[in-house]
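Worksheet: one structure, shown below.
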């Protein structure tokens, strides 16, 4: 699909009663959603190397970070996933302080060596998803990375048709051994989740729908087709 449609935005918001002493201290506290972890690690590494500041980061789920902002948790910098209507109306956020700092694109990927499906139009994407034997994306109830794919599938009107062949798991969730998302080869925690990435690596999943930024580090293990 030529123009990226399924974007999730990361925004900065300032708290009315937040810490304003960063300029007089040597440690900056930062609240950020999990999808920002990889790019932030590089950005903060460069920042700390070039300045005398240290950054203490607290990562959390998209909903969790927004709730913490709404509760007025005193941190120097807060990054949250838009929309943040609840936080903005909580009375703890400075009106007009919301600033867009990044956007996340949903990418389509296939196992390494597999033919690239045509996703240049909505009709082509629909055809590719219907033809695939297996589809994987994160659980939209637990991860923002799954909300873009879920919206695309809903807009295409094929949710019921592909439900049986879709593996919908969340990286940050613990699954019981009888779950389709449980990986018996794991050692606990996130390693025991049958993630979409693992399925693409093994070829078990034919089409994966994931944040582009999440799969770029492993692009040699799969083929990135494009973005939605």
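Numbering (the numbering used here), first residue to last: 1079 to 1306.
Ideal Cβ positions, reconstructed from N, Cα and C, are used throughout, including at glycine.
All values derive from a computational prediction rather than experimental measurement.
- In terms of Cα proximity to residue 1133, the closest of 1139, 1232, 1145, 1124 is 1124.
- Secondary structure within the segment 1235-1284: the beta strand (DSSP E) runs of 3 or more consecutive residues, fully enclosed, are 1244-1247 (chain order).
- In the DSSP annotation of this structure, the continuous segment of the alpha helix (DSSP H) that includes residue 1123 starts and ends at 1115-1128.
- By the Cβ rule, the segment 1279-1292 counts as touching the segment 1215-1234, because three or more pairs are nearer than 8 Å.
- For residue 1110, the enclosing beta strand (DSSP E) covers residues 1105-1111.
- At the C-beta level, residue 1274 and residue 1215 come within 8 Å of one another.
- Here residue 1154 is actually not in contact with residue 1121; their C-beta atoms are around 15 Å apart, not less than 8 Å.
- Taking C-beta atoms under 8 Å as the contact rule, residue 1190 and residue 1299 qualify, at a distance of about 6 Å.
- For the options 1265, 1192, 1183, 1176, the alpha carbon positioned closest to that of residue 1280 is the one of 1192.
- Taken through DSSP and simplified to helix, strand or coil, residue 1231 comes out as helix.
- Contact between residue 1217 and residue 1246 holds: CB atoms are separated by about 5 Å, below the 8 Å threshold.
- Looking at the DSSP output, residue 1216 sits in a beta bridge with 1247.
- If you look at residue 1143, you'll find it in the alpha helix (DSSP H) that goes 1140-1148.
- In the DSSP assignment, the residues bridged to residue 1300 are 1189.
- The continuous stretches of alpha helix (DSSP H) do not include residue 1157, which lies in the beta strand (DSSP E) extending over residues 1155-1159.
- Only residues of its own chain outside the window of five on either side were considered, and among them 1243, 1284 have a CB closer than 7 Å to the CB of residue 1211, listed in chain order.
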